[in-house]
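Read the structure below first, then the notes.
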């Protein structure tokens, strides 16, 4: 049919065009190498080669397209490249030694020896800043691990002993725990000093538990399960724990019941006058 014949003719024309383009590329490569002897530009050699491979029907159009395409390619390559002038000169007059155009290149210059003092000053200053920052970070870390002001305030407690009468017990709060401060009578002091230490569950003498025989300071927490004993009660006129029936004497030592240990004695010291510092 006419349509099929037209399609066949079109495909044949395209095949011829691609063949001419391939031949023109080969001619361009050959012309680039022989341009110094011929004294002509590469695209002129391509034009002459392309005219030699044209066909009567479609060859002229293909050769013209090939010449125009490679002429544009040669012009663009020579004008848009960074070293366009050097490439154009190399194409026109090839030589054994390759020369590059370095007019638009930046060359790093050697540092000025007179600026060494400034360089050392800057480097030393930077290192000092780094060392100061490291020291500050270490100090902040160490300070964060120390106790705060409110915790230090609760660490110790000052008590006025002038309000405590003989034979009575005062209870104060220290570090969230009750503390018993008992002012003992001479009879209680003599009784506790005469106790046989070998008969005690947690052996301790009265002198080991009281710095001043008149004053006894203990933590008011039962050593069994943590209850708060009652002062001036029990079988030994000391403290009695109503939770499980532990009895302590006037020196705070366990004498009867399930408690395994004596009442704890905190750190304390007597100050000038009637003052005591606990903790």
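In the working numbering, the protein residues as written are -16 to 262.
Even for Gly, the Cβ is constructed at its ideal location relative to N, Cα and C.
Owing to the predicted nature of the structure, the values given are computational and were not obtained by experimental measurement.
task = Please work out which residues of its chain come closer than 8 angstroms, Cβ to Cβ, to residue 208, disregarding the five sequence neighbours upstream and downstream, and give them in chain order.
result = Locating residue 208 in the chain shown gives position 225, where the first residue counts as 1. Once the five neighbours on either side are set aside, the close Cβ partners of residue 208 are 226, 227.
ask   = Near residue 107, what residues of its chain come up, given a Cβ to Cβ distance below 7 angstroms and the 5 sequence neighbours on each side ignored?
value = Taking the chain shown and counting its residues from 1, one reaches residue 107 at position 124. Contacts found: none.
task = Give the range of the alpha helix (DSSP H) segment to which residue 115 is assigned.
result = Numbered from 1 along the chain shown, position 132 holds the residue referred to as residue 115. Unbroken alpha helix (DSSP H) run through residue 115: 99 to 128.
query = Hey, quick one: how far does the beta strand (DSSP E) through residue 189 stretch, first residue to last?
reply = Here residue 189 refers to the residue found at position 206 when the chain shown is read from its first residue. That residue, residue 189, is in no beta strand (DSSP E); its alpha helix (DSSP H) goes 189 to 192.
ask   = Using a C-beta cutoff of 9 angstroms, does residue 154 count as contacting chain C?
value = Absent here is chain C; the protein component of the structure consists of one chain.
ask   = Do three or more CB pairs link the stretch 184 to 194 to the stretch 214 to 222 at distances below 8 angstroms?
value = Touching, no, given that fewer than three Cβ pairs across the two stretches are closer than 8 angstroms.
query = Can you give the Cα-Cα distance for residue 241 and residue 247, rounded to whole angstroms?
reply = As a working mapping, residue 241 is identified with position 258 in the chain shown. As a working mapping, residue 247 is identified with position 264 in the chain shown. Distance between the alpha carbons of residue 241 and residue 247: 16 angstroms.
message = Quick test of the definition: if touching needs 3 or more C-beta pairs under 8 angstroms, does the stretch 167 to 186 touch the stretch 197 to 204?
response = Touching, per the Cβ criterion.
request  = Report buried or exposed for residue 58, applying the criterion of at least 16 other Cβ atoms within 10 angstroms of its Cβ.
outcome  = Locating residue 58 in the chain shown gives position 75, where the first residue counts as 1. Confidence at residue 58 is low in this model, with a pLDDT of 44, below 50, so its placement is unreliable and the value that follows should be read with caution. Residue 58 comes out exposed.
ask   = Hey, residue 166 and residue 147 are a contact pair by Cβ (cut 8 angstroms); roughly how many whole angstroms apart?
value = Reading the chain shown from its first residue, position 183 is the one you call residue 166. Reading the chain shown from its first residue, position 164 is the one you call residue 147. At roughly 5 angstroms, the Cβ-Cβ gap stays under 8 angstroms, so residue 166 and residue 147 are in contact.
ask   = Who are the Cβ neighbours of residue 255 in its own chain at under 6 angstroms, not counting the five residues just before and after it?
value = Along the chain shown, one-based indexing puts residue 255 at 272. Taken in chain order, the list of residues that qualify is empty.
request  = Could you pull out every residue in the same chain whose Cβ sits closer than 7 angstroms to the Cβ of residue 139, ignoring the five residues on either side in sequence?
outcome  = Residue 139 sits at position 156 when you count from the first residue of the chain shown. Here the set comprises 260, 261, 262.
task = Give me the Cα-Cα distance between residue 129 and residue 115, rounded to the nearest whole angstrom.
result = Sequence index remark: in the chain shown, residue 129 carries index 146 (1-based). Sequence index remark: in the chain shown, residue 115 carries index 132 (1-based). Going by the C-alpha atoms only, they are around 21 angstroms apart.
task = Would you mind working out which of 163, 113, 238, 204 sits nearest residue 185, comparing C-alpha positions?
result = Along the chain shown, read from residue 1 onward, the residue named residue 185 stands at position 202. Looking at the Cα atoms, 238 is the closest of the given residues.
query = Quick one: complete beta strand (DSSP E) runs, 3+ long, within the stretch 141 to 166?
reply = DSSP runs (the beta strand (DSSP E)) wholly in the stretch 141 to 166: 152 to 157, 160 to 166.
message = Given this structure, state the Cα-to-Cα distance separating residue 145 from residue 164, to the nearest angstrom.
response = Taking the first residue of the chain shown as position 1, residue 145 is located at position 162. Taking the first residue of the chain shown as position 1, residue 164 is located at position 181. Distance between the alpha carbons of residue 145 and residue 164: 12 angstroms.
task = Note the first and the last residue of the continuous alpha helix (DSSP H) segment covering residue 181.
result = For the purposes of this step, residue 181 is taken as residue 198 along the chain shown, with counting starting at 1. Where residue 181 is concerned, there is no enclosing alpha helix (DSSP H), given that its DSSP letter is neither H nor E.
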